Each structure stands twice: as C-alpha cells, then as structure tokens.
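Residues in the sequence shown are numbered from 8 upward in steps of one, following my numbering.
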Amino acid sequence: MAIMLYANGWDHEEWAACVKTVLPDYEIYGPDDDFNPADIRYAMVWKPEHGFLSQFPNLDVIFSLGAGADFLLADPQLPNVPVVRVVDPDLTNRMSEYVLLQCLLHHRRTLRYMRFQQAGIWRELDDVPARSIRVGILGLGVLGQDAARKLAMVGYDVAGWSRSQKSLDGLTTYHGADGLDAMLARTDILVSLLPHTPLTEGLLDLDLFKKLARDGALGGPVLINAGRGKLQKERDIMEALDDSILIGASLDVFEQEPLNDGSPLWSHPSVIVTPHNAAPSAPEAIVRYLARQIGLYEAGEPMESAIDRKAGY
Ligand code: NDP
Ligand code: OXD
8 MAIMLYANGW DHEEWAACVK TVLPDYEIYG PDDDFNPADI RYAMVWKPEH
58 GFLSQFPNLD VIFSLGAGAD FLLADPQLPN VPVVRVVDPD LTNRMSEYVL
108 LQCLLHHRRT LRYMRFQQAG IWRELDDVPA RSIRVGILGL GVLGQDAARK
158 LAMVGYDVAG WSRSQKSLDG LTTYHGADGL DAMLARTDIL VSLLPHTPLT
208 EGLLDLDLFK KLARDGALGG PVLINAGRGK LQKERDIMEA LDDSILIGAS
258 LDVFEQEPLN DGSPLWSHPS VIVTPHNAAP SAPEAIVRYL ARQIGLYEAG
308 EPMESAIDRK AGY
C-alpha cells in the first residue's frame, strides 16, 4: 500500500523521513517521484494544487497535515472519500501559547512599553489585572476550548461562541447569530479560532468590531485572529484601528498569504503580525496522529476527526 505525501511549501524530506519511521510498512511517494497513481491509498497533504488528488483512483482517505481542511474543501475536484484533520495536543498547546501570549501582550501594553524603551522613556501606564478583562473566543472547538481553559487559569473573564449550544465548566457560552452579538457586547479581547467556511468568511468586519465593548478596562477592544485570514477584512481592521474602534490587533493569518509587501498592517504601531505560525504542524506529532487514524480505518473503526463536508469543517 502506498501513501502520497505532499506538504506543499514545507520540508518534504523531513516529513518523508518521519512518515517512513512511523509507518515503515507503506511505500511513501512525493509528487515528483515515479509512482503508479492506482497504488495510492492514503494522501497526507498540505495545500496541494486543486485537482492534484483527483489523479488517484483508489484513494481511501485524505489527511490534512494541519487542523484546518478548508484548503481541501475548496478543491472542486476533491475525491469523495473521508477527509481527516489533525487533533493533537502538540498543535493545540502551541495555539494556546500563542493566544495567551497575544492576550498578555495587549493587556500588559507591551508594544507601548517597547516604544518607551526605544525612546528611553521611564513611564508607567495604567495597568489592570486579568480579572478585569473580558476575553471572547470565536470558536469553541478543540483549540478554542483549550485556549479558554488556559486564559481562565490566568484570571481572564472568558466567554466563547460556537455554532451549536455548549455547556462548559466555568465558561460563559453563546451560540448562533443572537449569541454572537451578546458575546461581542461583553468582549474586550476578541480571539478568533474559527474555521473558514462559507458562513464565517468575512465575519471579522467593521460592523462586528463596532459591536465590541467600549467600556472595558483596556480603553477599547483588541482583535486576535489565528483562525483563517479569509474571516477578516483587512481594510476594515485598518479603518477600525485608525478610528479607535479597535486599539490593537494580533494577526497570524491573512486574506492573502504571505501578507502583501504593501500592507499597512506591517508597520501599524498597534498591530502584531506573525507568519501563520501560531500553531505549526510538528512532523512527528502529526504523523503519529495520522498513523493512529490509519490503524483505526484499517480496523474498520471510525476515525477520530473526519470532517463534516456539509458543515465545511
Ligand atoms: P474545531 O472544528 O474543533 O472547532 C471549530 C469551532 O468553530 C467549533 O466550536 C464550531 O462550532 C465553531 N464554528 C464553526 N462554524 C461556525 C459558525 N458558522 N458559527 C459559530 N461557530 C462556528 O476546529 P479547531 O478548534 O481544531 O481549529 C479551528 C481553526 O483554527 C482551524 O479550522 C484552522 O482554520 C485554525 N488553525 C490555525 C492555525 C494557525 O497556525 N494559525 C493552526 C491550527 C488551526 P461547533 O462547536 O458548534 O461545531
Ligand atoms: C492548521 C494551520 O490548520 O496551521 O493546522 O493553519
């Protein structure tokens, strides 16, 4: 049995070595190798070109090498086989590190203190405790729930929003369209950990920013987006920052990646830009997770994280 490994833009050799170690009984091919397409049973991919997967007539399962699978669902020629995404503590912990760090950076006004330092200014700002800051998390899935728990441990007043109703210990939860407005109205730091679907595309726009709380301890709301760039309207983020509708932002994902050279986000003094690495996929952890899914599939058991194509995530 053979696996097609195509980690587009990532280090193929590193991933291939890992797959060979963890799954020694399978033939591993990359897109540039000589292979018979009919032999390929599993595809492990990150952002393959549209149509790439349609060349394998005997494909059993498509595995995303990350937590998101939106790039697969966007392929009009995607084969009609299960699509499985990654749910792994290594990736989840990394995302929570990112979210916690960004919340703390804005909460503790780190960008301003760094500017003071550069100018040799000894000046104290009005610092407030975590318990006085209301964090609202868009998306209460694997990543949103872990981040929520860890933010609450630091003392933040955390709430979260999802599509379906949820009851989670120690967390205020909202769902659906009405729930969204209610959560925004009590949010000082908005964290987006939503997948990109037709329903979430463009959600992070000026109208939404205007619904965020204006009476909070930070003096205005902050946006953190580590979900997907297609959720945000970057022009609206800039306008909101210029009009103090937002007082800061941390963006790990962008409408177009890499972020355009000319984007004003690069140099905005209240914006932190990172290159879509909030939660990078570590080959060993990811491949071990996928190997376990192959084991389940071959034993005729349900895999742990097949996506729901209709819902889009
Ligand atoms: P999950 O599928 O576990 O969770 C998704 C959450 O979003 C669920 O709570 C779901 O609601 C909610 N949701 C989806 N659509 C809607 C909607 N229309 N309205 C309200 N809520 C909605 O995904 P993960 O937590 O594992 O990952 C989330 C996303 O994070 C990934 O899809 C990916 O885009 C992004 N990501 C980014 C990374 C980075 O490095 N920047 C790394 C890894 C992931 P419900 O619970 O009701 O289903
Ligand atoms: C993912 C990502 O989906 O890194 O895992 O964006």
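Ideal Cβ positions, reconstructed from N, Cα and C, are used throughout, including at glycine. Source: prediction; values computed, not measured.
So what does residue i bridge to, in DSSP terms?
| i | result |
| --- | --- |
| E34 | A9 |
| W53 | A14 |
| A256 | L230 and V278 |
| F70 | M51 and V91 |
| A313 | V91 |
| Q239 | L211 |
| S169 | H182 |
So is the beta-carbon of residue i under 7 Å away from any non-hydrogen atom of the ligand NDP?
| i | result |
| --- | --- |
| A50 | no |
| A289 | no |
I think residue i touches residue j, with their Cβ atoms under 8 Å apart; what is that distance to the nearest whole Å?
| i | j | result |
| --- | --- | --- |
| R235 | G58 | About 22 Å; that fails the 8 Å criterion. |
| L60 | I69 | 6 Å |
| A377 | T180 | The displayed coordinates of the chain run from 8 to 320. Any statement about residue 377 would go beyond what the structure contains. |
Can you tell me which of the three DSSP states residue i falls into?
| i | result |
| --- | --- |
| L297 | helix |
| Y163 | coil |
| Y105 | helix |
| I244 | helix |
| A5 | The structure shown has nothing for residue 5, since the chain only spans 8 to 320. |
| W22 | helix |
| T199 | It should be noted that the sequence gives Ser, not Thr, for residue 199. DSSP places S199 in strand when its eight states are reduced to three. |
| R221 | coil |
| D180 | Sequence inspection shows Thr at residue 180; the Asp mentioned does not correspond to that position. Strand at T180. |
| W129 | coil |
| V142 | strand |
| L175 | strand |
Could you tell me if the beta carbon of residue i falls within a distance shorter than 7 Å of some heavy atom in the ligand OXD?
| i | result |
| --- | --- |
| L79 | no |
| H283 | yes |
| G236 | no |
| L258 | no |
Exercise. Per the contact definition of three or more C-beta pairs closer than 8 Å, is the region 127 to 136 in contact with the region 183 to 201?
Worked result: no
For this session: Specify whether the region 249 to 263 and the region 220 to 235 touch according to this definition: at least 3 beta carbon pairs, one from each stretch, less than 8 Å apart.
Result: yes
For this session: Please confirm if the region 273 to 281 is in contact with the region 44 to 57, defined as three or more CB-CB distances below 8 Å between the two stretches.
Result: no
Exercise. Per the contact definition of three or more C-beta pairs closer than 8 Å, is the region 281 to 295 in contact with the region 101 to 112?
Worked result: yes
Exercise. Just checking, does the region 154 to 162 make contact with the region 289 to 296 on the three C-beta pairs under 8 Å criterion?
Worked result: no
Exercise. Pairing CB atoms from the region 136 to 145 with CB atoms from the region 194 to 201, are three or more of them under 8 Å?
Worked result: yes
Problem set entry | Segment contact, 8 Å Cβ cut-off, at least three pairs: the region 215 to 223 with the region 155 to 172 | no
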